[in-house]
Each structure stands twice: as C-alpha cells, then as structure tokens.
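Okay, so here's the structure we're looking at.
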Amino acid sequence: MNTNDNSVYTTSSIAPADGSLVLAFVLSSNTGFGGAGVPSATGSGLTWDRVDTAITGQFRLTCFRAMRIGVPASGTVRFEFRDGAGALQAQDLCAWSIFEYSNVDLGGTNGSGALVVHPQAAATAATKLTAPLPVANQANVEVGGIALALQPGQAAHPVTPGAGFAEIHEQSPNQGLLGKSATLQTQDRTGGAPSIDWSWTGAESAVAIVLEVKTMAPIIPVTPESVAYEQDNEFIRAFEPILYFAPGERFFPADAKRYLERCALWNSVDPFTSRDSWHPPGGPVGPIVDSGKISAKDGEAGTFLGQQGPGGSLPFLVPDPKDERFLDISGWGQPPGPANNFQFADLDRIEQLYNSPTADPLLKESRFWYHAEVFDKVRLRGLMAADNSPANFRDIFNAQFGGPSDFKLICYYLFFPGHDEPLENCAPDDHAEKFCSYAGEWACIALLIQGKTTVSTGGPPVVAYAPTAIGLTGRNVGDTGFRGGEERVNMSVLDFHTLNVVRPAMQQGQTIQRAHPRLFVAKGTHSIYAAGSAVPVQVPFFAPEDPAFSFCGATETLGKSYEDLKDEQEGALDDVWVDDPEVFWTKFVINIVWAAIEWIAGGGGGFDGRATGTSNQFDHPPKDEPGAASFGMIVHPAGVAPPNGALTVDKFPWQSTLSNEAALEHKVGGRLYSLRVNRTDANAKVRQVFWPGIQGHIGYTGRWGQRVTNDPRTRRAGLKFPEFWVQFINAFAKGKSQ
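Those letters in the sequence shown? Residues 1 to 738, by full-length UniProt numbering.
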C-alpha cells in the first residue's frame with residue numbers, strides 16, 4: 001500500500017504460476033472530494049481485465065483478473081488512475097491485495113472462464129456486511145474483497161472474516177491526523193454456505209466485491225476404480241472418533257481387505273466344530289484357497305473371491321446351503337499338531353504379524369483404519385421397507401425419519417484381527433483365558449446425522465448437519481444362541497449431546513463443522529464406552545445366562561458334562577495325588593477359584609444346571625485421568641490433539657496419507673484399499689464383494705476367523721459380519737419408545 005499522493009502506483013514484483021488465475025483488489029481515494037477515478041492495471045507480462053468496481057463515500061474498490069497460459073510471467077504491476085475526461089487523477093492513497101489460484105477453469109480469455117461475478121454488497125453505518133454467494137459447485141472457491149470507509153484520521157478497524165473463511169490480506173492505509181483512512185480486506189473459502197460476510201467494530205460504511213472461482217473439473221479416468229461420493233466423504237472425516245485404548249491392548253482397528261489377502265479360505269461342513277469337517281464337500285481336510293492367494297478385487301493378483309464358476313455360480317461366495325466359509329490367518333498353534341487340539345485360534349501369531357519387529361509390513365501399515373458406510377435417507381427407506389427387514393421397521397422409519405429433515409447414518413466399521421476375552425476369576429490357563437477369544441472381530445460406531453434446513457434471505461436454503469445419536473457396540477456374555485442364531489455383539493444407542501466431543505475450528509475447504517467423540521475401548525474385548533472408568537465395568541446381560549460359563553468353561557473346552565465335573569470334583573477332594581491332568585485342573589478350579597466366584601456372583605451355592613453360580617463378567621476400559629499416562633494408545637483424526645493425551649507416547653492418526661484422499665482410497669503395490677464401503681454399486685468391478693450382500697447384491701457371508709473344535713456355541717470361531725445398521729435401528733427405536 002502507499003499513502004502518498006500520486007496518480008500511478010507500482011507494486012513489488014510477482015511471478016504467478018503458469019495457468020493460474022491472478023486477482024488484484026485495489027482500494028483508492030482521490031485527493032479531492034469527488035469519487036475516485038477508475039484505475040487500470042498493467043505489467044508483470046499479463047493482460048489485466050477489470051472485473052468489477054464499486055464506491056463507498058470517497059473510496060473506490062476495484063478488482064482485476066489476469067491469466068497467462070504456457071508463457072512465464074513476472075514483474076511489477078502498475079495501477080494508473082484517470083478521471084472521466086481521461087486525464088491523470090491524483091489519489092490520496094492506494095492499497096492492493098494480489099493473489100492467485102491454481103487448478104482453475106482455463107476457458108475464456110485472461111481468466112474469464114474461471115470467474116463468476118456475483119452482485120456487489122454495501123452497508124452504511126454498520127458493523128457487519130453479508131452478501132449472497134451461491135456457488136455452482138462445492139469445489140469452487142468463494143472470494144470477497146471489502147473496503148471500509150473510515151473517518152479522517154481514524155485508527156484502523158480490523159475486519160473479522162466470516163465463519164469458515166480465511167483472510168488473505170488486510171491493509172489499513174492511514175494518512176494520519178485529519179488525513180484519509182480506510183481498510184482493505186480479502187478472504188476466501190472452498191464451498192460452504194451460499195453467503196459471504198465480514199464484521200468489524202464501530203459503525204462504518206463498506207462496499208464489497210463478491211466472486212466465485214471455478215475450479216478445474218476433475219479428470220476422471222475411464223476405469224472402474226474411481227467413484228464419486230460427493231459430500232459423503234467429508235461427512236466421514238468430519239465425525240471420525242477419538243479412540244482411547246487401555247494399557248496392554250494388543251489388537252487395533254485394521255484394514256480388513258489386507259487381512260483377507262493374507263488369509264487362507266476354508267470350507268466347513270456339519271458339524272463344523274470338528275477338524276474333520278473343515279473341507280470342501282467330498283474333499284480332503286484343507287483350505288480351498290491357500291494363504292496369501294485370495295484376491296478381494298477383480299483384476300488384482302490371486303484367486304478373486306467373486307469369480308464366477310460354471311453356469312454363473314459364485315463358488316467362493318455362495319457355498320452349499322449346508323456349508324460355510326471361514327478365513328484363517330494364523331492357524332491353531334505350532335504345526336504339525338497344535339498342542340491345543342485346534343480349540344483356539346493362535347492370537348499370539350496374529351499379534352506378531354501386526355505389531356512385532358518382524359511384523360508383516362502390509363499388515364502393520366494397515367493398522368488405524370476403519371471402513372465407513374453411509375446410509376442416506378433414501379437408502380434407509382428402501383432397506384427398512386424391504387420384505388426381509390423386521391416387520392416394524394417400516395413403522396419406525398415413518399415415525400422417526402419420515403419428516404422433512406434429512407438424515408444420514410454413518411457406520412464406522414472397526415475390524416480387529418484378534419479378540420481377547422477371558423473368563424473372570426478363573427485359573428490362568430487356556431480353558432478360561434481363551435474361553436471366548438477368537439480371530440476376526442467386528443465392532444461399530446454408528447452416527448445418526450440430522451440435516452436441518454434454514455431459509456436464507458436472497459439465496460437458496462442452507463442445510464446444516466450435526467450428529468444427534470451414536471451407537472456403540474459391546475459383547476454378549478449371555479447365551480449367544482438365545483434367538484436361534486448367533487449373537488455375540490450388541491449395540492447401545494446414546495444421545496450424542498451427552499458425549500465429550502472435540503469440535504475443532506473449521507479450516508479452509510471444509511463445509512461441515514467437525515465433531516469428534518471421545519470413546520474408550522475395553523481391553524481385549526473392544527467393547528466401546530462413552531466414558532473411561534477407573535474400575536472394571538460389569539457387562540450387562542442382554543440375553544439369558546449361559547450355563548457353559550460355569551466351571552470356568554470346562555464343560556466346553558474339556559468336553560465334560562456337568563455330572564462328570566461334579567464326580568471328578570468329589571474324587572479330587574478325596575485323592576492326595578491326581579494323575580488325570582483334566583481332573584487336576586477341575587480340582588484347582590473348584591477348590592481355589594470357586595469360593596471367589598460364589599462371593600462375586602452373590603448367592604452362588606453350587607451348580608444346578610441353570611447357571612445359578614455363573615460369575616459376572618467385566619470389561620476394562622481405560623481410565624480417563626487428566627495429567628496421567630492412563631492410556632496404552634490413542635487413535636485420533638489427523639490434526640486433532642486428543643484431550644488428556646499429552647503423556648501417552650503412542651498416538652496415531654486415522655489413515656490420512658492416502659494416495660487419493662478425495663475418494664478415501666489408497667494404492668499399495670498395485671492393490672486398491674478404501675476407507676469407504678461399497679457393496680451396492682452396479683459395476684461389479686467397483687463393488688466390494690468381501691462384504692455381505694445387500695439390496696440384491698451377493699457378497700461374502702463367511703467368518704473372518706477360523707473355526708475351532710469343542711465350540712458348540714461358536715463363541716471362539718471367527719465372527720461373521722453383523723448388519724450393524726439393523727442393530728442401530730433396533731436400539732434407536734427402543735430408546736425412543738422408552
């Protein structure tokens with residue numbers, strides 16, 4: 001800027017990039033009492049075209065544009081002022097703001113194709129100015145320049161950008177006592193609400209020039225790889241959770257596709273819990289696809305999970321109706337004959353693959369990953385009205401989602417390679433420590449987002465989205481087959497406003513207010529809680545008690561009946577030396593542990609076949625103590641500092657260095673990995689077949705971990721992917737009814 005009287009002002013040298021749009025906002029005031037003359041701009045090897053000009057009092061605000069394609073440009077810019085007769089006109093002062101945008105529309109001349117001029121805005125004796133700015137595309141940039149006409153000699157009035165806008169420049173030319181004084185400010189924002197605004201202290205007159213910079217239309221390759229998700233990807237990033245893990249946790253959310261690619265695929269037949277039944281119909285015991293040979297995407301190396309067989313069959317996705325598929329990444333112990341007789345998945349091996357110094361690089365780099373699926377209102381309506389949905393879902397939709405408000409359900413699916421779930425207060429051996437442990441676990445954080453519409457004067461309606469409810473998964477410590485199926489995971493729904501949430505300030509390019517809930521993950525079981533706890537949390541029963549928990553699980557893992565265990569208990573009490581190690585284990589449990597179990601259970605008194613002495617089970621979420629290192633690890637959104645995490649050494653962001661952030665996709669060695677779930681795309685090459693089929697599409701419905709022996713309730717077999725959206729709707733409706 002320059003506060004000396006002159007008719008020509010020259011800037012410092014600039015060197016805009018090839019193909020960029022250069023904008024120059026110029027504030028001026030002539031030496032007399034009339035309006036300032038209209039300036040022209042030359043220099044820097046560019047052709048400058050005047051975009052718009054406006055007057056407030058004795059001050060003029062003018063905007064120029066320029067663009068040079070293919071030839072470098074650099075040098076100073078010269079602003080020259082003339083009156084209506086063409087004579088040079090001296091100005092009291094001049095200030096300017098020059099900046100550029102790349103990746104813009106290259107059409108037109110001198111940048112005309114990259115710019116849309118919106119109506120000017122003006123205010124008199126005001127402290128705020130708002131102008132309509134409805135952009136044609138959320139990828140376009142909203143730009144504004146404002147001039148404040150201050151009183152002679154008045155000190156500068158700082159200008160505050162509107163919400164979501166970033167200030168580019170602010171100049172305050174002031175000629176001192178009784179001299180002229182003004183403020184020039186420029187700001188921009190990518191997309192957002194259809195308006196632009198400024199505010200300042202002290203009632204002053206102002207005028208603004210309002211523009212829209214058109215970004216270059218993305219070049220989408222003609223391949224099946226890229227999918228346009230529009231605003232949904234920003235919703236996903238906007239509400240990423242902050243997860244606090246307990247000390248000693250060894251499994252963390254990871255990319256399920258990379259896990260699958262390292263697995264073997266097995267078929268199992270009835271009775272499923274015997275190793276002799278792990279084979280294709282009529283074939284030998286063994287996998288149907290060897291370890292590391294599965295391809296989860298057509299065209300990638302390996303045996304494609306969705307490949308077609310004779311007659312259009314899908315042999316790897318659709319087994320015989322009496323069979324099932326399961327994945328195995330770790331085996332059951334040391335070959336050739338596991339010491340545990342195939343009763344337990346080798347979780348120690350999985351921990352080694354993901355976390356150790358000799359870890360599999362592909363698996364280790366896949367940690368701190370989620371898979372997000374977005375259900376908009378239209379999709380929810382179709383799912384909840386489908387014939388195979390619960391009978392009351394249509395009524396629930398009409399009652400809860402049928403109004404004018406928009407809704408989205410975002411499900412963050414968390415895949416844990418291993419699940420540690422020991423029985424409480426039992427002997428420290430495999431039977432109790434691994435009783436409910438398995439490979440291949442799924443958890444979910446489901447967020448219901450409501451969009452509220454606000455009528456905007458002079459522009460289209462504005463829709464603001466915010467979370468209203470959150471669903472968190474936990475484990476079932478009761479009978480997993482109480483409804484005739486296999487229910488090992490349940491979901492509770494809470495009011496989102498009751499949570500401790502981090503809301504960062506909006507950054508340039510963001511159109512949604514971020515809101516990151518702080519959530520606490522129980523050690524081993526990965527039940528998710530809305531608050532930390534200094535003491536173990538008793539897991540509530542949502543199913544009838546399971547008598548198999550009695551005798552610390554010995555009825556299943558040892559294959560003994562209650563009667564046999566009681567007889568062995570009596571014999572063990574009479575014998576000084578016990579030869580049978582199984583009877584010795586029973587004696588240990590009964591004589592040493594049972595008294596503690598009865599005391600904890602409150603009114604035990606022995607077993608009668610109905611689990612009257614079954615002990616309570618507890619989750620162990622981490623403590624949330626300010627100023628204490630009470631967390632083993634924290635996983636958080638990139639750029640967000642997790643509260644109470646200063647003393648935690650291991651803090652990792654959700655995967656943020658993606659090769660294609662716009663699509664939430666990442667390529668590793670020619671393979672494509674995505675944070676987005678896509679199981680409904682009409683293009684079979686885009687649709688991810690490793691998810692269960694939905695809405696008429698077919699997908700993988702098998703287990704994500706291996707089958708094991710002596711497991712009649714499938715509590716140690718890998719988990720099948722639950723339909724978490726159904727769990728959320730059920731829990732949400734139940735909460736509303738109460």
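The beta carbon of each residue, even a glycine, is placed where N, CA and C say it ideally should be. Small disclaimer: the values here were computed from a predicted structure and weren't measured.
As summarised for the segment 469-539, the continuous beta strand (DSSP E) elements at least 3 residues long and confined to that stretch are 489-495, 516-521, given in chain order.
Taking a contact to require three or more Cβ pairs closer than 8 Å, the segment 158-170 and the segment 261-275 do not qualify as touching.
The segment 498-517 makes contact with the segment 235-250; the number of CB pairs closer than 8 Å reaches 3 or more.
DSSP lists Ala208 as the beta-bridge partner residues of alanine 121.
As a beta-bridge residue in DSSP terms, glutamate 324 pairs with Ser268. Check the Cα spacing between lysine 523 and each of Pro622, Ile449, Ile512: the tightest is with Pro622. In the three-state reduction of the DSSP assignment, serine 112 falls in the helix class, which pools H, G and I. With contacts defined by Cβ atoms closer than 9 Å, valine 477 and alanine 446 do not form a contacting pair. Shown here, glutamate 170 sits in a strand according to DSSP, grouped into three states.
DSSP places methionine 216 in the coil class of the three-state scheme, outside both helix and strand. With distances taken between CA atoms, alanine 206 lies nearest to Gln151 out of Gln151, Gly699, Asp320, Thr215. A straight-line Cα-Cα distance of about 60 Å links serine 40 and lysine 257.
With 16 or more other CB atoms across the displayed protein chains lying within 10 angstroms of its CB, serine 195 is buried.
Contact annotation, alanine 121 with alanine 36: C-beta distance approximately 19 Å; criterion of less than 8 Å not satisfied.
A straight-line Cα-Cα distance of about 9 Å links proline 404 and glycine 451.
CA-to-CA, the gap between glutamine 187 and glycine 111 works out to about 19 Å.
Around lysine 434, the same chain offers Phe344 as residues with beta carbons nearer than 6 Å, after the five sequence neighbours per side are excluded. In the three-state scheme derived from DSSP, where H, G and I count as helix and E and B as strand, asparagine 140 is classed as coil. Contiguous beta strand (DSSP E) elements confined to the segment 643-731 occur at 651-653, 665-668, 671-674, taking only those with 3 or more residues. Under the three-pair Cβ rule at 8 Å, the segment 397-413 counts as touching the segment 370-386. Secondary structure note for alanine 256: its alpha helix (DSSP H) is the uninterrupted segment 256-262. DSSP places alanine 193 in the coil class of the three-state scheme, outside both helix and strand. Rounded to whole angstroms, the separation of the alpha carbons of glycine 485 and threonine 358 is 39 Å. Beta-bridge partners assigned by DSSP to glutamate 249: none are found. Here cysteine 63 has Leu23, Ala24, Phe25, Val26, Arg50, Val51, Asp52, Thr53, Gly145, Ile209, Leu211 as same chain residues with Cβ atoms under 8 Å from its own Cβ, once five neighbours each way along the sequence are excluded. By the neighbour-count criterion, in which 16 or more other beta carbons inside 10 Å mark a residue as buried, glycine 191 falls on the buried side. When C-alpha distances from arginine 349 are compared across Ser97, Arg703, Leu362, Gly331, the shortest belongs to Gly331. In terms of CA proximity to glycine 113, Met216 leads the group Pro134, Thr127, Ser97, Met216. Between the C-alpha atoms of proline 504 and alanine 427 there is a straight-line separation of about 47 Å. Straight through space, the alpha carbons of glycine 639 and phenylalanine 732 are spaced by roughly 32 Å. The count of Cβ pairs closer than 8 Å, one atom from the segment 229-238 and one from the segment 77-94, stays below three, leaving the stretches out of contact. By the neighbour-count criterion, in which 16 or more other beta carbons inside 10 Å mark a residue as buried, glutamate 661 falls on the exposed side.
Per DSSP, lysine 452 lies in no alpha helix (DSSP H) segment; the continuous beta strand (DSSP E) that holds it begins and ends at 438-454. In this structure, DSSP gives arginine 60 an extended state, which the three-state scheme calls strand. A buried status is given to threonine 709, since no fewer than 16 other beta-carbon atoms sit within 10 Å of its beta-carbon.
Aspartate 348: member of the alpha helix (DSSP H) spanning 347-355, first to last residue.
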